[in-house]
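Throughout the sequence shown, residue numbering follows the numbering used here, covering 213 to 536 in sequence. Working notes, beginning with the structure itself.
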Amino acid sequence: MKTDTQFPLPPYFNINPDTALAALGDPTSTADFGKIASNCNAGRIDLTSRGLETEGTRRLRQFSTWEITRYLIPVAPGHFRRVLKQNPDLPQGRSETSAGAKWFTLDEVQRLRAFFGAQGFKSKGYLPYRPKNQPAKMVAVANFKGGVGKTSTAAHLAMSAALDGYKVLVIDLDSQGSMTSIFGGKVQDEWQTVFPLLARHYAQHLRQENQSRVDRGEAPLPLDETLTEALEIAPRDLVQNTHWPNIDLIGAQLNLYWAEFQIPVWRMAARGWKLWDALTQSLEAGGILDEYDVIFLDTPPALGYLTINGLAAADILLVPLGAL
Ligand SMILES: Nc1ncnc2c1ncn2[C@@H]1O[C@H](COP(=O)(O)OP(=O)(O)O)[C@@H](O)[C@H]1O
Ligand SMILES: [Mg+2]
């Protein structure tokens, strides 16, 4: 074959298969793949365990007198120390050395805040503001694009609201479960996510519809095992504590994605089912909206049915955008 010396052939031309095969190392066997898989698994365990205690839980840091009086309870540090001294029953904080800074858990900050709120001037705003007889404000963070900061935004806002003393619920609607890992949530399968709430809402709709079907002399639509089981589950059963005393979580994991396939099937079977109201109405019926001050919904990067439920539930919608 004639080659142009000015333009030599690239190295992958005219390769002799036998020479190439001899140049390769030993073939990769099933055992080698097993070793790669076990290394990957070790890496994954290492990653998920970072920042966790040995038993796999997270612990919230403590707050110093300086941080508390500057950011959490707006009183002068001197006044703060005096009030603590005068009230030995109040949390006194811990320090490494006798003259060192005093540190308090967020639970203790909450008790102190309640005390200052009860004692102090109403205008001082020690306590978080919550209008009476109003349901929790629901904040959804959504964008159909991934990696724009949805989860980070929702997580930081939730923590910020908790530091201000609000009672916060975080609901992870993203089957990637990043928000769930931030809050150290443990989710076995879809039955510990919002999935049963959506199923329950549909099951209730179906029961009502069946009533009218029977009245019209038509055969009722059957409630399968999933729907029957979902009717037994209340939102409260799905809520887990986090390492933040005033942040609770309804977590997510991969199986939650099943909802994206299941919801359209249910909707085809009962066209009158308002699928977008499923989440809000289930939370409302379960008393969750009275129990919390603010609810943050983290959504997946798609305009799927879970996101639609999040958008429909939201009083406030935040759409983070990547900077161009
Ligand atoms: N304001 C920000 N500035 C810089 N990096 C950010 C910011 N918000 C999020 N990130 C980073 O961008 C990545 C994606 O953020 P994430 O909140 O998981 O996005 P999403 O939930 O939209 O997929 C993460 O690595 C996160 O640490
Ligand atoms: Mg996310």
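No residue lacks a Cβ here, since even glycine has one placed at the ideal position from N, Cα and C.
Enumerate in chain order the residues of its own chain whose CB-to-CB distance from residue i is below 6 angstroms, with the five nearest sequence positions on each side excluded.
i: Q465; result: G389 and V399
i: L381; result: D460, Y504 and I507
i: W478; result: Y414
i: A232; result: none
i: R350; result: Looking at the sequence shown, residue 350 is not Arg but Met. Closer than 6 angstroms at the Cβ level, and outside the excluded window around M350, lie I507, A525, A526 and D527.
i: D444; result: Per the sequence shown, the amino acid found at residue 444 is Glu instead of Asp. Around E444: no qualifying Cβ.
i: N467; result: D401 and E402
i: A374; result: V380, W456, N458 and I459
i: P408; result: A442 and I445
i: S276; result: A313 and W315
i: A366; result: V353, F508 and D510
i: R306; result: W315
i: K344; result: none
For residue i and residue j, which I take to be in contact (beta-carbon distance under 8 angstroms), what is that distance rounded to the nearest angstrom?
i: V287; j: F328; result: 6 angstroms
i: P512; j: L385; result: 6 angstroms
i: E361; j: P476; result: In the sequence on display, residue 361 carries Gly and not Glu. Going by Cβ atoms, the distance from G361 to P476 rounds to 29 angstroms, so no, they are not a contact pair.
i: L410; j: A471; result: 6 angstroms
i: I257; j: Y338; result: Rounded, the Cβ-Cβ distance is 43 angstroms, inconsistent with contact.
Return helix, strand or coil for residue i, following the three-state DSSP convention.
i: K349; result: strand
i: V506; result: strand
i: S241; result: coil
i: Q404; result: helix
i: G322; result: According to the sequence as given, residue 322 is Gln; it is not Gly. DSSP places Q322 in helix when its eight states are reduced to three.
i: Q304; result: coil
i: F275; result: strand
i: F537; result: The structure shown does not extend to residue 537, since the chain is modelled only from 213 to 536, so the question has no answer here.
i: V380; result: strand
i: I462; result: strand
i: N253; result: helix
i: Q184; result: An answer regarding residue 184 cannot be provided, because it is not within the stretch 213 to 536 covered by the chain.
i: T440; result: helix
i: A311; result: coil
i: W386; result: The question names Trp, but residue 386 is Asp in the sequence shown. Note: D386 maps to coil in three-state DSSP.
i: A374; result: helix
i: Y341; result: coil
i: Q331; result: helix
i: L296; result: helix
i: E472; result: helix
i: I367; result: Ile is not the amino acid found at residue 367; the sequence shown has Ala there. Three-state DSSP puts A367 in a helix.
i: I394; result: helix
i: V426; result: helix
i: E421; result: helix
i: I280; result: helix
i: L259; result: helix
i: Q416; result: helix
i: T231; result: helix
Within the same chain, show all residues whose beta-carbon is closer than 7 angstroms to that of residue i, passing over the 5 residues directly before and after it, in chain order.
i: L296; result: L302 and Q304
i: H368; result: none
i: D238; result: none
i: L501; result: P347, A348 and L495
Please return the same chain residues whose Cβ sits closer than 8 angstroms to the Cβ of residue i, not counting the five positions on each side in sequence.
i: H455; result: T269, R270, R271, L272, F395 and G396
i: T440; result: A415
i: A482; result: Y414, H417, L418, E421 and L433
i: T392; result: D384, V399, L461, G463, A464 and Q465
i: E265; result: R271
i: T281; result: V287, A288, P289 and F292
i: F356; result: P513, A514, L515 and T519
i: Y283; result: L375
Check: Can you list, in chain order, every residue whose CB sits closer than 5 angstroms to a heavy atom of ligand 1?
Finding: My final list is G358, G359, V360, G361, K362, T363 and S364.
Check: In the segment 478 to 530, which residue ranges form an unbroken alpha helix (DSSP H) of at least 4 residues, counting only runs that do not cross its ends?
Finding: DSSP runs (the alpha helix (DSSP H)) wholly in the segment 478 to 530: 490 to 497, 500 to 503 and 517 to 525.
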